[in-house]
Structure formats: C-alpha cells, structure tokens
Amino acid sequence: MHNTAFAALGLNWRYLAFEVHPDHLRAAIEGARRMGFAGLNLTVPHKRLALELVDALDKSARKWGAVNTIRFESAGVEGRTKIRAVGFNTDADAIVAALREDLKLELRGTRVLLLGAGGAGRTAALKLAAEKVAELFLVNRTQSKARTVAAEIKRQFPSQRVTVGYPESEVDLLMNATSLGLKPDDPLPLSRKQFSLERVRAVYDMIYRPAETALLEAARKAGCRTANGLGMLLYQGARAFEIWTGKAAPLDVMRRALEQNIYGH
Ligand code: ATR
Numbered sequence: 140m141h142n143t144a145f146a147a148l149g150l151n152w153r154y155l156a157f158e159v160h161p162d163h164l165r166a167a168i169e170g171a172r173r174m175g176f177a178g179l180n181l182t183v184p185h186k187r188l189a190l191e192l193v194d195a196l197d198k199s200a201r202k203w204g205a206v207n208t209i210r211f212e213s214a215g216v217e218g219r220t221k222i223r224a225v226g227f228n229t230d231a232d233a234i235v236a237a238l239r240e241d242l243k244l245e246l247r248g249t250r251v252l253l254l255g256a257g258g259a260g261r262t263a264a265l266k267l268a269a270e271k272v273a274e275l276f277l278v279n280r281t282q283s284k285a286r287t288v289a290a291e292i293k294r295q296f297p298s299q300r301v302t303v304g305y306p307e308s309e310v311d312l313l314m315n316a317t318s319l320g321l322k323p324d325d326p327l328p329l330s331r332k333q334f335s336l337e338r339v340r341a342v343y344d345m346i347y348r349p350a351e352t353a354l355l356e357a358a359r360k361a362g363c364r365t366a367n368g369l370g371m372l373l374y375q376g377a378r379a380f381e382i383w384t385g386k387a388a389p390l391d392v393m394r395r396a397l398e399q400n401i402y403g404h
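Sequential numbering from 140 applies to the sequence shown in the working numbering.
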C-alpha cells in the first residue's frame, strides 16, 4: 500500500519489511536513523518496547502506550544537526475510522463486547473508552489480562462502565481483537453458549486474512452488519504515510493496493 502510494504521488521512496529480533530493536532503530530512513513502522512484538527506545514520544504514543510509527526528524542542537526518532501511534485512531467507514458506526453511547486483551485488545479497549461508549464488556481467555485492562480503563476513564465477562443483553458492536480466526481450524473467539450473535448489531473482526473469518460468516448468517480488519490496516497506514511525507494519503489507491496484494483482486 505504501509503495503504490509513493508511486502515485511521484515520490522516489521505498517501503521495505525487515524481521528484527526484539533484542536487536534498539540497534535496528539506530541503524535506520544512521542510514537516513524517513521513518519506520513497528509491529508485534515491538510496539511497547519502542516506547523506551525513541528520543521523543508524540502524544498519540504517550496516550495509547505503544509506538507503531517512528519518524526521523532533523533538529538543530547547539549548531549541529541531530536526527531524532519520534514515536507515534496510528492504530488507535484507525479503529474509529474503520468502524465509521466500514460499519457506519459512531461509538459514543454504544454497548460494546470486546474479545481479546492482548496488545491489540488493550489499545482498542482504551480507545473505545476514550470515545465514550456507554458500556464495555471485556472477554479474554486469560481473564486476569482482561481485569488488568479493565483496571487501566478505570484509572484513565473513571466514569467508564466496564465489566469483565459476557453481557446479559444486546450489544451494538462485537469486536474481535484475538488472533482466533487466522487459522482455518481455529474455534470461534466467543462462546455461543454464553453469548448469542442474535444479540449483536454489528461485528468487527480485526483479522483481514481470511477476508471472512468463521466469526464474520456466523455473524453475517445471524443478520449482523460485518466488516473485517482491512480498514484498520488501511487507516493506520494512511496516517503513518502522512506523518512521514507531510502529504495527504491517497486512500483509494492504498485500499486498492491492499485488496490486490491480500486478496488478489
Ligand atoms: P496482539 O498484539 O495481536 O493483540 P497478543 O498480545 O499476543 O497479540 O494477543 C493475542 C490475543 O489473542 C490475546 O487476547 C489472547 O488471549 P490470552 O491473553 O489468553 O493469551 C488471544 N488468543 C490467542 N490464542 C488464543 C486461543 N487459542 N484461544 C483464545 N484466545 C486466544
């Protein structure tokens, strides 16, 4: 998506992927800085580690406690040019943009069941609270992690209603932030005995490959509006593009590039 966007804007830039061991993240960031990179994206398991490894944090990274985007910036320090690494987070805002665009959902005042309390689940939970959802239900295989996220929400958003466990009545949105659904034989990320999809208006699965997970298929058959995680991938990338280049991201070009690369059409 980035390479297609660079080409569309006539920028002689390249986006490349590198697999880096967490022990070498500091050296990798330093190497990219020394080699004149404009910036970096980071993914699992680097997003929280990077908080400690950049020279400065944008308020987005501070607020969500994770860095997925770095921009290398020149700054004049005592007459010498120094290049500093600044950490940003573009994931959290992408959640809201994707729900708005793909599900026509405005979060304020809604009831949300969130599955997963790992990195993605934690960021989503905090963002949902920041968007003033009416009530948030957190379900995770390891319940203690859901409780930790609930406690963090209470600390940052004291008036937010948050419950660990399934709701007893309808919800407006069910969001999957677990990794269940990536593999074809994965079970559903929720217990249909404990919570029926008939009680849900819309389902968002952060997974985008396969295009329709078993959860999304079941939700569609139960009459819910559904969307997969492609929009989140697109919007976090579009914001990163703008942070690096200072130019508006060509969203349609980027979406088409993603669909072509991921789904082959
Ligand atoms: P990410 O950054 O993508 O969120 P993660 O932090 O490893 O990755 O989180 C993975 C999420 O998927 C967690 O909520 C995890 O549940 P646990 O906290 O109990 O580990 C969930 N998950 C992964 N495999 C699972 C499985 N087989 N059954 C249920 N939940 C699973």
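Even glycine gets a Cβ: it sits at the ideal position worked out from N, Cα and C.
With a cut-off of 8 Å on the beta carbons, I'd call residue i and residue j a contact; round off their distance for me.
{"i": "N142", "j": "N180", "result": "With a Cβ gap of about 13 Å, N142 and N180 do not count as contacting."}
{"i": "A366", "j": "D241", "result": "4 Å"}
{"i": "G257", "j": "F211", "result": "Between F211 and G257 the Cβ distance is about 29 Å, and since that is not below 8 Å, they are no contact."}
{"i": "L244", "j": "L312", "result": "6 Å"}
{"i": "V272", "j": "L246", "result": "5 Å"}
{"i": "A200", "j": "L190", "result": "7 Å"}
Report yes if the C-beta distance between residue i and residue j is below 7 Å; otherwise report no.
{"i": "M345", "j": "A236", "result": "no"}
{"i": "L275", "j": "V251", "result": "yes"}
{"i": "A358", "j": "L336", "result": "yes"}
{"i": "F296", "j": "A263", "result": "no"}
{"i": "A224", "j": "I292", "result": "no"}
{"i": "A316", "j": "G376", "result": "no"}
{"i": "M314", "j": "L253", "result": "yes"}
{"i": "I382", "j": "F227", "result": "yes"}
{"i": "L327", "j": "A361", "result": "no"}
{"i": "G109", "j": "Y347", "result": "Beyond the ends of the chain as shown, which are 140 and 404, falls residue 109; an answer cannot be given."}
{"i": "A341", "j": "R364", "result": "yes"}
{"i": "K186", "j": "A171", "result": "no"}
What does a CB cutoff of less than 6 Å around residue i pick up in its chain, not counting 5 residues either side in sequence?
{"i": "R338", "result": "E309"}
{"i": "R378", "result": "T229"}
{"i": "Q299", "result": "A268, I292"}
{"i": "R419", "result": "There is no way to answer for residue 419, as the model of the chain reaches only from 140 to 404."}
{"i": "A231", "result": "W203, T262, K266"}
Who are the near neighbours of residue i in its chain, counting only those whose CB is closer than 7 Å to its CB and skipping five residues on each side?
{"i": "I234", "result": "A263, K266, M371"}
{"i": "L462", "result": "No answer is possible for residue 462: it lies beyond the span of the chain, which begins at 140 and ends at 404."}
{"i": "V303", "result": "L277, Q282, A285, R286, A289"}
{"i": "R394", "result": "L373"}
{"i": "L188", "result": "P161, L164"}
{"i": "A350", "result": "N367, Y402"}
Helix, strand or coil: how does DSSP classify residue i here?
{"i": "I209", "result": "strand"}
{"i": "R172", "result": "helix"}
{"i": "M126", "result": "Since the first and last residues shown for the chain are 140 and 404, residue 126 lies out of range."}
{"i": "R280", "result": "coil"}
{"i": "A316", "result": "coil"}
{"i": "R261", "result": "helix"}
{"i": "R153", "result": "coil"}
{"i": "E191", "result": "helix"}
{"i": "E274", "result": "strand"}
{"i": "R406", "result": "As shown, the chain starts at 140 and ends at 404. That puts residue 406 outside it, with no answer to give."}
{"i": "V288", "result": "helix"}
{"i": "T143", "result": "helix"}
{"i": "D197", "result": "coil"}
{"i": "R300", "result": "strand"}
{"i": "R340", "result": "strand"}
{"i": "R331", "result": "coil"}
Looking only at its chain, what residues have a beta carbon closer than 8 Å to the beta carbon of residue i, apart from the 5 residues adjacent to it on each side?
{"i": "R153", "result": "N142, F145"}
(request) Give, in chain order, every unbroken run of the alpha helix (DSSP H) that is at least 4 residues long and sits entirely within the region 349 to 391. (result) 353 to 360, 369 to 384
(message) Suppose only complete runs of 3+ residues qualify. What are the beta strand (DSSP E) ranges in the region 214 to 247, listed by chain order?
(response) As far as the region 214 to 247 is concerned, its whole beta strand (DSSP E) runs of at least 3 residues are 219 to 227.
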